[in-house]
Structures are given as C-alpha cells and as structure tokens.
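For the protein sequence lines, the chains are R and X, in the order given.
Start counting the first sequence at 13; every next residue gets the next number (our numbering).
Start counting the second sequence at 3; every next residue gets the next number (our numbering).
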Amino acid sequence: MASVSYDHVVKRYTPETTVVRDFNVEIRDKEFMVLVGPSGCGKSTALRMLAGLESISEGEIRIGEQVVNGIAAKNRDIAMVFQSYALYPHMSVFDNMAFPLQMKRMAKAEIEQRVKSASGILGLDNFLQRKPRALSGGQRQRVALGRAIVRNPKVFLLDEPLSNLDAKLRGQTRIELQKLHRDLETTFIYVTHDQVEAMTMGDRIAIMNAGILQQVGTPGEIYDHPANLFVAGFIGSPTMNFVPVSAQDGRARAAGFEVVLPKSVSAAKATLGFRPEAVTDRPAESAGSLEMAVDVVERLGSDQFLYGQVAGDNVTARVDPRMTVAAGDKVKLTLDPRSLHLFDTETEKSLL
Amino acid sequence: MPARPPAWTASLRPGYADLLELDWGVSIIDWAGERLVERPAGISRHEVRFVTSAGGVCAVKQLPLEAARREHRLLRLLEDAGGPAVAAVGLVERAGVDPGSELAALVVTRFAEQSFPYRHLLSGPGFGSHRGQLLDAVALLLVELHLLGFYWGDCSLSNVLYRYDADAIETIMVDAETTSAYPALSHGQRGQDIEIMVENVGGEMGDLAAASGIGLDAADLGMGEEIAVRYRALWTELAAEWIVPSGQEYRITERVHRLNELGFEVDEIEAAQHRERDHLHFRVRVGGRGFNSNRLRLLTGLQAGENQARQLLADLAYFTRRQGPAGAGQGPGMGRAVSAVRWRAEALEPVLARITPEHGGRDALQAYCDLLHHRYLVSAAAGRDVGTQAALESWLAQGRPGYRI
C-alpha cells in the first residue's frame, strides 16, 4: 500500500515532442485514481513512466517516500493488471494463480496463504480445484485478477484493461474492479479514454489533454464544477450545451434568451455552458426561459432527450419522459440557475 | 424506398475475394461447410476458425470492433516493417452490432502453411533436441520485434507458430491484440515484455505438465527465464556499443559479417572518435532479419526461410566451385547471376522434382536442406565429397532422414 506522487514530471521524446508537461498529481494511499483523456493526451505515458516502461525527462515520481526514477520496473513493487489474460486449461484455478509465485521459488505455505487470501477476496474459494472451463466468463476474469493480487503489490496499474473485452464482460469486470479495490484497500491507478468508466470507477479523476493536466477532483466536483471548456465538454453524455453570450452585471445574453448568473460577472465574449438536465420543462426555480425548435426526440424510457435549436444555437435538453413533444414542435423550457457555467472564450477558463 | 445499410463491410487483400462467399452475417461459431478446415490455434480469448481460400488457408478471429481494427492495423504495420508475423488479409465489420460485442468484427489473417504449435515440438519424442531450437527461436523473435520498435505485451509460446527452417526453427507471431508500435522501445518496455514472456511461458509449461498429470513442482517453469537469457545475449550482440583501437577499423567489418551470419541486415554504422583519439566507438544499426533470404531471392527468385536460404546459398557456392567459373569473361557480377540460374536449373529443380512431387514451396526447400545435411554426413563418413546425386540415392533409400513434416 502506498501513495504515488508526480512532481513536475515531463516526458519529452525529442526537443520538439513533449507528450507530458509539468504533470503534478498526488495520489493518496488506497485511492482509486483514474487518468482520463482523449487518445494521445499523455495519460498512458504518465502511467508508463510510473511503471518504469518510459524514462522520465524531468521531475520526480515517488511511490510512498521513495523516488523511483532510477529504479527498474520489476523492482517498483507494482502490478500491471491484465498484461496477460490467458488462463491455462489443464491447470486448476489454484495453480493458475499460484504458478507465478512458484516460479519465484516462494515457500509453499506462503503461496497457499496468498492464493487463499486472493480467492477469498474474489469469491473463488469454492472453485480452487476446478479447471477454467468450468467457470463463467466473469469468474475467469477474476482468476486473471487473482494472478495480479497474489503478488501483493503496493500499487495496481491498469492501462485500458477493458478495451478488448466484450461489452457484457466489460460491464461485469468494471464492477469486479471496484469491489476488488474496496476489499484490497490498495492504491489503483486506472487509465481510460472512456469518461463513463472514469466517472463510475474513480474516487478521483485526473483529466488530461495535449499532455497537460486539466483538472483533478471527484467525479461530482468535475461534473458540477469543470475548470475549463475542455473538461466541461469531455465529461458528461450527452455533452454540455455551449452557447456564445455576452455577460454584464450578472446577466448573460445569448442570441435567443437571457439568463441570470449566480455571480456578477462581466465579459464581452463568453461561452455559457449548461448540461442537458439543466434545461427543464418543470422548473423549481428558473434562471431564464428559452424557446426550442425541436429537431429530434429521443425516448429512452427513463429519459427523453430533445435535440434542437434556440435562435440558431444547437441545444440538447433532457426533459420529463412523460412530456408530449414531437419533432417540429416549439417548446418553452427553463434553465436551472444552479447548473449554469460561464467560460472565458479566450482563455477557456471558468468564470463562475 | 431508402437503401438498407449493409449488414457488414469487408476490406480484403487481392487474391482473397472468394472469402466474400462466406456468411459474414452470422457468428463464426455457427459456420459449417467444406470451406472450414482444422489448424492449430493458440490459447485465445476470442473465437477462431480456419477457412480455405484461393489465396491459402486463412484464420478468422471474431472480436470487438476497436480491438479488431487495432490488431489489423498493427499486423499491417508489422508486415510493412518486415516483422515476423502472420499477414493480415482483411477486416470485416458487422454493421448494426454493438461495437463492444464479441460479434462486432473479424480479423482475417493468412495461416502460415507447414507451421505447427509449440506442443508439437515439446511433447513429441524429440523434446530434448528441439528444446534449444525453440528457446533460440522465441528469443530471436522477441529481439526482432523489439529492434523494429514493436512492444508485444503478450509474448507466449502459444501466440507463435513454428516452422522448420533448415537446421533451425522459424517463428511467426500470430496474435497482436496487445501490441503497440513505437519509434524505438525503452529499456523498461523491453524488460516488461520479457517479464510477461517469462510468466506466460511458465504458465504454458505448467499447463503442459498438468495435461500429462504432472504437478507444478515438476513442471519446466524456468523455460521462460532461459529464453530471457538468450534474448539478453542476442540483444547485447546486436545493440551494444563497441570500442576498437585506432587502426583496427577492420573489426567493424567483422561485426557486420557476424550480424549477417545471424541473418540480420545492417542498415547503418554509427561511429564516433573517442576523446583520447586512440579509440573509435561504433554502434551498428540493425534492420530486419532476412539478409540471406533477401540475397537468395535476388539471385534465384526463391522465397525461403532465413536458415534455409543460408544453406541454399552455401550449396550455390558448392555448385559454382564444382562447375568451375561460370560466365567467364562476363565479369564477376554476371558470373554470380549465371551461376545462380544454372544452379537452380541443374542442381535444385531436378532434385525437387524427384523428392517432393506431391509438395511445393517451402516444404520442398526444407526437404532439399535435409538432403544437403545428409550429403554432408555421408561425405564425412566416406572421407570424401560424394556429390549430390549419390547423396540423394542414399537419402531416399534411408527414408528421407531429417524430413520432419
């Protein structure tokens, strides 16, 4: 068990190619931290530097109190999960988990203790003498996890571990990993490009773009208080609505509506952000109203999404599924004042 | 009425158009018919079937969309780089299927004919003799991939197919699901790839033992580490920086010859004068492996494995010596080319016509290499060169010794 810290870490392949810039993150002991961002944002490189697979151009990485910059990968006491998924068909579940320890010539009693401990956590106690073919897909996945657990690493590293899995197994394994983290009480660092995975799994999320850390926070903090336009647009599905406005004396004016901002801010050019669920047909209180020309109605049972235009600006609204509306309709909707965001159009930083 | 979207889309390489006749709309698990054939497959988390095609037998693997696109792209990159991997023949994407589903896409690769799985080498009676060849072959494969900038991420014995290559074994990577390409690999990446290989091979040896009713205690769990030792020795030989005293620059040429002997092409030699000016530092930048096979192809048009090519080129030299100078008066370059044509027409083809009437291609060249080895053994026993014809009669009479496929 250990904390991990990145202290002004830089990764540069050539003088012109810097893929991670001044990266600073403190990952707490036992925390589930997710590094998330689009392809090529530097998240996997950041993880690989911690794993010892990439050299560090500048700065320091610590595991616990120890600076690991010069320590070989195999001596960092970390485990990359799912580097090998293969289960061996003729070996029992016990042997499938035990053989890496036996290869290290560990004492039998110690191997038995570690495998039994892992199987207890994974709910595999009753399956230890079975062969993999007698297990379900989810159980097999847990045996593969068991092979990483028996090493007793200080930190588990997971680089897009679900990307090659079938959607159903991916969903199951996502839950398994969360339970596993809770039961093991060990630090997990998880890399993904999928914001849904990040939001559902992480205690905290670090969002990266173009090699630069954009924001670190809990899923709730990031969803409710995005630090900039990139984070606001990256997190959330459907994505946040963005409308160009001018702001003065606590009011923001768009082409087709006007809203009262929660704070008095003035900016000649700004971007108003509001999530689809902030556009509602049943206001408790209202920051302003707008008229939406509906292009598409998407009914999902528990939700109803309207896609359309407000004075030429594209807007998505999540409304009550019982609301009667059809494509071509014009509907009056209101904006929830607690869910408004305002970004400086130049710097893209939050103004609220 | 609006056109319905296609149920699937396929991109296939020329020569494999008849694959379009297969029913790509259903899971390959449900395929039936005479196009299906059995071939050895490794331990895969995905379904794999083998089908015949005009272009040869193909492996079809069913997997989620992004994983399929990624593997297809990596296999094409490997092929472009001259990497030792199966060739990607096509990618099929099923429209309207959840992209995350196992049924979303298929990667089609050409099956490496005359190849076999590692169990064929290790569980047969020849275990002892093949073990060393297997270790060398896997170490060499990993070195080749790393030199080309490919991180495998799942090197194992079962993710490789094997083929006899004269007196050695050739390896072909068959699974690139976890592979990534880089301009160059770091020390840490190579180390990680080796660690993964060591553990995977340990698991495979444990499994092989378990299949025979033997426990982990008696399994050959150290085999992966032996491959790692060979890998490190070979890597040092290929990638090390060398220092030679001034005036001994000929030792650079020696290094190049040594690497050519190992089958590696030398792309570039980087040299720098040492500060004290009495030593020269140099490093050889090694390209793909295929020095001998490329030479043989240029001279004769034959496509052979690297070690087969080494033996065939030696036989070409033997033939030239016995025939005397060919193309006299036409210059040394023309002489070599004429010798190569005569060797193929007068030495190789007549023998192939007799020994492998039912086979062709690499299989036939392997048989010829076995005959060459037999010629050496018979000549050594006789204390004189017996010649190819006498060796051939003896080889056939003795039941084609060494001919293993």
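Every residue, glycine too, gets a C-beta built ideally from N, C-alpha and C.
The structure presented is a predicted model; accordingly, all values stated were derived computationally and were not measured.
Proximity winner among the options, relative to residue i (alpha-carbon distances)
{"i": "Pro-403(X)", "options": "Gly-385(X), His-375(X), Ser-158(X), Gln-391(X)", "result": "His-375(X)"}
{"i": "Lys-275(R)", "options": "Ala-259(R), Cys-53(R), Pro-288(R)", "result": "Ala-259(R)"}
{"i": "Gln-250(X)", "options": "Leu-137(X), Ser-55(X), Arg-260(X), Phe-284(X)", "result": "Phe-284(X)"}
{"i": "Leu-187(X)", "options": "Ala-342(X), Pro-247(X), Leu-147(X)", "result": "Leu-147(X)"}
{"i": "Ala-220(X)", "options": "Glu-227(X), Tyr-233(X), Gly-204(X)", "result": "Gly-204(X)"}
{"i": "Glu-115(X)", "options": "Leu-105(X), Asp-156(X), Asp-100(X), Val-53(X)", "result": "Val-53(X)"}
{"i": "His-102(R)", "options": "Ala-342(X), Ser-214(X), Glu-351(X), Glu-395(X)", "result": "Ser-214(X)"}
{"i": "Ser-301(R)", "options": "Gly-268(R), Ser-278(R), Leu-312(R)", "result": "Gly-268(R)"}
{"i": "Gly-54(R)", "options": "Arg-40(R), Leu-225(R), Thr-185(R), Ala-146(R)", "result": "Leu-225(R)"}
{"i": "Ala-230(X)", "options": "His-259(X), Gly-151(X), Cys-157(X)", "result": "Cys-157(X)"}
{"i": "Gly-307(X)", "options": "Cys-371(X), Gly-401(X), Leu-282(X)", "result": "Cys-371(X)"}
{"i": "Leu-347(R)", "options": "Ala-299(R), Val-309(R), Phe-35(R), Ala-119(R)", "result": "Ala-299(R)"}
{"i": "Val-408(X)", "options": "Ala-384(X), His-48(X), Leu-398(X)", "result": "In the structure as shown, chain X begins at 3 and stops at 407. Residue 408(X) is therefore absent and cannot be evaluated."}
{"i": "Glu-122(R)", "options": "Asn-164(R), Ile-90(R), Ser-51(R)", "result": "Asn-164(R)"}
{"i": "Arg-159(R)", "options": "Ala-179(R), Gln-190(R), Ser-104(R)", "result": "Ser-104(R)"}
{"i": "Met-92(R)", "options": "Ala-98(R), Ile-75(R), Arg-60(R), Arg-74(R)", "result": "Arg-60(R)"}
{"i": "Lys-128(R)", "options": "Met-115(R), Val-155(R), Gly-149(R)", "result": "Val-155(R)"}
Chain X within 8 Å of residue i, Cβ atoms only
{"i": "Gln-184(R)", "result": "no"}
{"i": "Phe-111(R)", "result": "yes"}
{"i": "Ala-84(R)", "result": "yes"}
{"i": "Ser-351(R)", "result": "no"}
{"i": "Pro-27(R)", "result": "no"}
{"i": "Ser-397(R)", "result": "Since the first residue of chain R shown is 13 and the last is 364, residue 397(R) is not available in this structure."}
{"i": "Pro-50(R)", "result": "no"}
{"i": "Asp-107(R)", "result": "yes"}
{"i": "Thr-30(R)", "result": "no"}
Within chain X, partners of residue i - CB distance below 9 Å
{"i": "Tyr-235(R)", "result": "Residues of chain X passing the Cβ test: none, with the nearest at roughly 23 Å."}
Cutoff 8 Å: residue i Cβ touching any chain R Cβ
{"i": "Glu-201(X)", "result": "yes"}
{"i": "Gly-362(X)", "result": "Reliability fails at Gly-362(X), whose pLDDT of 49 lies under 50, so the model's placement of it is uncertain and the value that follows must be treated cautiously. Closer than 8 Å: no."}
{"i": "Glu-272(X)", "result": "no"}
{"i": "Leu-223(X)", "result": "yes"}
{"i": "Pro-334(X)", "result": "Its pLDDT being 47, under 50, Pro-334(X) is placed unreliably by the model, and nothing is read from it."}
{"i": "Leu-218(X)", "result": "yes"}
{"i": "Glu-267(X)", "result": "no"}
{"i": "Gly-128(X)", "result": "Bear in mind that the predicted position of Gly-128(X) carries a pLDDT of just 44, short of 50, making it unreliable; the figure below should be weighed with that in mind. Not closer than 8 Å to any Cβ of chain R, the Cβ of Gly-128(X) fails to qualify, so no."}
Neighbour list for residue i in chain X, Cβ cutoff strictly below 8 Å
{"i": "Asp-178(R)", "result": "Pro-66, Gly-102, Ser-103, Glu-104"}
Neighbouring residues, chain R, relative to residue i (Cβ below 9 Å)
{"i": "Ala-98(X)", "result": "A small correction: the amino acid at residue 98(X) is Gly; Ala does not occupy that position in the sequence shown. The contacting residues do not exist; Gly-98(X) stays about 14 Å from chain R at best."}
{"i": "Glu-251(X)", "result": "Under the 9 Å cutoff, chain R gives no residues; its nearest Cβ is about 31 Å from Glu-251(X)."}
Distance cut-off 7 Å: residue i Cβ against heavy atoms of the ligand MN
{"i": "Leu-302(R)", "result": "As presented, the structure is devoid of all ligands, the ligand MN included, so that no description of it is given."}
Residue i: contacting residues in chain X (beta-carbon distance under 7 Å)
{"i": "His-1(R)", "result": "This structure leaves residue 1(R) out entirely; chain R is present only between 13 and 364."}
{"i": "Gly-64(R)", "result": "Gly-190"}
{"i": "Ser-148(R)", "result": "Going along chain X, no residue has its Cβ under 7 Å from Ser-148(R), so there is no contact; the nearest lies around 14 Å."}
Neighbouring residues, chain R, relative to residue i (Cβ below 7 Å)
{"i": "Gly-205(X)", "result": "Ala-98, Tyr-100, Phe-111"}
{"i": "Glu-197(X)", "result": "Lys-86"}
Within chain C, partners of residue i - CB distance below 9 Å
{"i": "Gly-193(X)", "result": "Among the protein chains of the structure shown, namely R and X, there is no chain C."}
Proximal chain R residues relative to residue i, where beta-carbon distance stays under 8 Å
{"i": "Glu-179(X)", "result": "Asn-176"}
query: Contact between the region 33-52 of chain R and the region 198-217 of chain R: three or more CB pairs below 8 Å?
result: yes
message: Which residues of the region 53-82 of chain X have a Cβ closer than 8 Å to any Cβ of chain R? Give them in chain order.
response: Leu-65, Pro-66, Glu-68, Ala-69
The region 257-267 of chain X contacting the region 175-182 of chain X, beta-carbon criterion three pairs below 8 Å: no
query: Is the region 65-74 of chain R touching the region 132-149 of chain R, taking contact as three or more C-beta pairs under 8 Å?
result: no
task: Evaluate contact between the region 272-291 of chain R and the region 350-361 of chain R, counting only Cβ atoms and requiring at least three cross-stretch pairs below 8 Å.
output: yes
- prompt: Between the region 113-145 of chain R and chain X, which residues of the former have CB atoms less than 8 Å from a CB of the latter, in chain order?
  reply: Gln-114, Met-115
query: If we count Cβ pairs, one from each stretch, closer than 8 Å, do we get three or more for the region 102-117 of chain R versus the region 200-211 of chain X?
result: yes
message: If contact is defined by three or more beta carbon pairs under 8 Å, each pair taking one atom from either stretch, is the region 82-91 of chain R in contact with the region 247-260 of chain R?
response: no
message: Taking 8 Å as the cut-off, does the region 89-103 of chain X touch the region 66-80 of chain X (at least 3 CB pairs, one atom from each stretch)?
response: yes
task: Check whether the region 166-185 of chain R touches the region 122-142 of chain R, taking contact to mean three or more Cβ pairs, one atom from each stretch, closer than 8 Å.
output: no
- prompt: Do the region 229-236 of chain R and the region 189-206 of chain R make contact, defined as three or more Cβ pairs closer than 8 Å?
  reply: no
message: Using 8 Å as the cut-off, can you tell me whether the region 309-316 of chain R makes contact with the region 334-347 of chain R, which would need three or more C-beta pairs spanning the two stretches below that distance?
response: yes
query: Quick one, which residues of the region 309-333 of chain R are near chain X if we go by CB-CB under 9 Å, in chain order?
result: none
task: Mind the definition here: the region 134-144 of chain X touches the region 60-71 of chain X only if three or more C-beta pairs lie below 8 Å; say whether that holds.
output: no
query: At a Cβ cut of 7 Å, what residues of the region 163-175 of chain R count as close to chain X, listed as they run along the chain?
result: Ser-175
query: Is the region 79-87 of chain X close to the region 181-194 of chain R, with three or more CB pairs under 8 Å?
result: no
query: For the 8 Å Cβ check, are there 3 or more pairs between the region 306-320 of chain X and the region 340-352 of chain X?
result: yes
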